[in-house]
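To keep things clear, I will list the structure first and then write my remarks on it.
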Amino acid sequence: MMKWLKKSYLALVLLFLYLPITVLVVQSFNAGKSRAKWEGFSLRWYAELFHDEAIMKALYITVAIAVLAAIIATVLGTLAAIGIHAMRKRPQALMMTITNLPMTMPDIVTGISLMILFTFTRIERGFMTMLFAHITFNTPYVILSVMPKLKQMNKHTYEAALDLGATPGYALRHVLLPEVREGVVTGALLAFTLSLDDFVISYFTTSPMVQNLSTLIYSKARIGIEPTLNALSALMFLALLVLLLIVNRRASNAQKA
Numbered sequence: 002m003m004k005w006l007k008k009s010y011l012a013l014v015l016l017f018l019y020l021p022i023t024v025l026v027v028q029s030f031n032a033g034k035s036r037a038k039w040e041g042f043s044l045r046w047y048a049e050l051f052h053d054e055a056i057m058k059a060l061y062i063t064v065a066i067a068v069l070a071a072i073i074a075t076v077l078g079t080l081a082a083i084g085i086h087a088m089r090k091r092p093q094a095l096m097m098t099i100t101n102l103p104m105t106m107p108d109i110v111t112g113i114s115l116m117i118l119f120t121f122t123r124i125e126r127g128f129m130t131m132l133f134a135h136i137t138f139n140t141p142y143v144i145l146s147v148m149p150k151l152k153q154m155n156k157h158t159y160e161a162a163l164d165l166g167a168t169p170g171y172a173l174r175h176v177l178l179p180e181v182r183e184g185v186v187t188g189a190l191l192a193f194t195l196s197l198d199d200f201v202i203s204y205f206t207t208s209p210m211v212q213n214l215s216t217l218i219y220s221k222a223r224i225g226i227e228p229t230l231n232a233l234s235a236l237m238f239l240a241l242l243v244l245l246l247i248v249n250r251r252a253s254n255a256q257k258a
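Residues 2 to 258 (our numbering) are what the sequence shown spells out, left to right.
Structure, rendered in structure tokens:
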């Protein structure tokens with residue numbers, strides 16, 4: 002009886018989570034505009050989606066922000082993780098607490114605080130402010146991905162390379178980074194995925210003239226849900242699902258190693 006109840010509960014949770022997404026994906030192939038009536042299978046809205054200039058511009062901004070934020074956050078997060086790992090126990094624990102704090106805060110707090118910062122410093126909100134915001138919230142996730150790999154490696158490997166005549170830069174590139182490559186790649190993929198998926202922080206740190214896909218969907222949804230938004234949301238869901246599967250697969254392989 003308990004086994005049946007557990008399976009039923011799991012089925013209800015999965016149904017609650019994925020039924021709306023399933024309806025959205027199915028509606029993206031509906032030939033008509035009505036969401037209450039099925040008018041036949043069609044790729045019409047996907048074709049119109051790729052001819053919509055506003056959506057294509059938002060897609061370019063979304064991908065550009067995600068790629069740049071992932072690259073910069075990965076570099077900063079990896080270097081920060083190496084520095085934190087080299088600290089003594091108490092300072093390291095303090096720094097990890099400070100690093101983990103932004104990940105536990107609600108996105109709206111981070112978004113509003115960054116908006117106030119940009120307003121106070123009189124920085125005009127747009128592409129650069131959104132990029133800075135994405136780097137800010139992505140970096141802690143990279144640190145969290147790299148730190149376990151640093152703890153797994155032999156702490157004397159880097160010192161041995163220096164004793165054998167390697168320069169610090171050479172030892173970093175050829176000894177330390179290969180040891181933590183799995184964590185670096187996982188952190189980069191996670192940063193890219195989070196950047197693609199973000200809405201709240203992006204909404205508070207950009208202007209109406211510079212919108213990514215999430216803020217564009219929000220602004221269009223207030224007027225009315227267009228069928229092209231169903232197609233766009235379905236493609237975004239598919240892209241994020243693939244990326245998350247890759248991240249989870251790499252994290253699973255890293256734990257096994």
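Cβ atoms here follow ideal geometry from the backbone N, Cα and C, with glycine treated the same way.
Note that the coordinates shown come from a computational prediction; the quantities given were computed from them, not determined experimentally.
Item, Value
"Uninterrupted alpha helix (DSSP H) stretches inside the stretch 120–168 (no shorter than 4 residues)", "128–153 and 158–164"
"Residue 226 vs residue 45 beta-carbon contact at 9 Å", "no"
"Given residue 28 as reference, the closest of 142, 244, 235 and 249 once Cα atoms are compared", "235"
"Residue 59 and residue 214 closer than 9 Å at C-beta", "yes"
"Where residue 30 sits in the DSSP three-state scheme", "coil"
"Straight-line Cα distance separating residue 151 from residue 84", "11 Å"
"Candidates 246, 98, 247 and 216, of which the one nearest residue 233 by Cα", "216"
"Backbone secondary structure at residue 200 - three-state DSSP", "coil"
"Inter-stretch contact at 8 Å, needing at least 3 Cβ pairs: the stretch 91–110 / the stretch 142–151", "yes"
"Beta bridge counterpart(s) of residue 42 as assigned by DSSP", "31"
"As assigned by DSSP and simplified to three states, the class of residue 234", "helix"
"Counted within 10 angstroms of its Cβ, other Cβ atoms place residue 132 as buried (16 or more) or exposed", "buried"
"Extent of the continuous alpha helix (DSSP H) to which residue 91 belongs", "90–105"
"Inter-residue Cα distance where the pair is residue 135 and residue 4", "43 Å"
"Chain-order list of residues whose beta-carbon lies under 8 Å from that of residue 245 (same chain, five-residue window excluded)", "194"
"Secondary structure of residue 59, DSSP reduced to three states", "helix"
"Three-state secondary structure (DSSP) of residue 315", "Examination of residue 315 is not possible in this model, given that the chain is present from 2 through 258 alone."
"Rounded separation between residue 119 and residue 130 - CA only", "8 Å"
"Status (buried if at least 16 other CB within 10 Å, exposed otherwise) for residue 243", "exposed"
"When 22, 170 and 12 are compared against residue 230, the one with the closest alpha-carbon", "22"
"Residue range of the unbroken alpha helix (DSSP H) whose run includes residue 207", "It is not in any alpha helix (DSSP H) - residue 207 carries neither H nor E in the DSSP assignment."
"C-beta contact flag for residue 196 and residue 209 at 9 Å", "no"
"CA-to-CA distance, residue 94 to residue 14, given in whole angstroms", "37 Å"
"DSSP three-state assignment for residue 108, whether helix, strand or coil", "helix"
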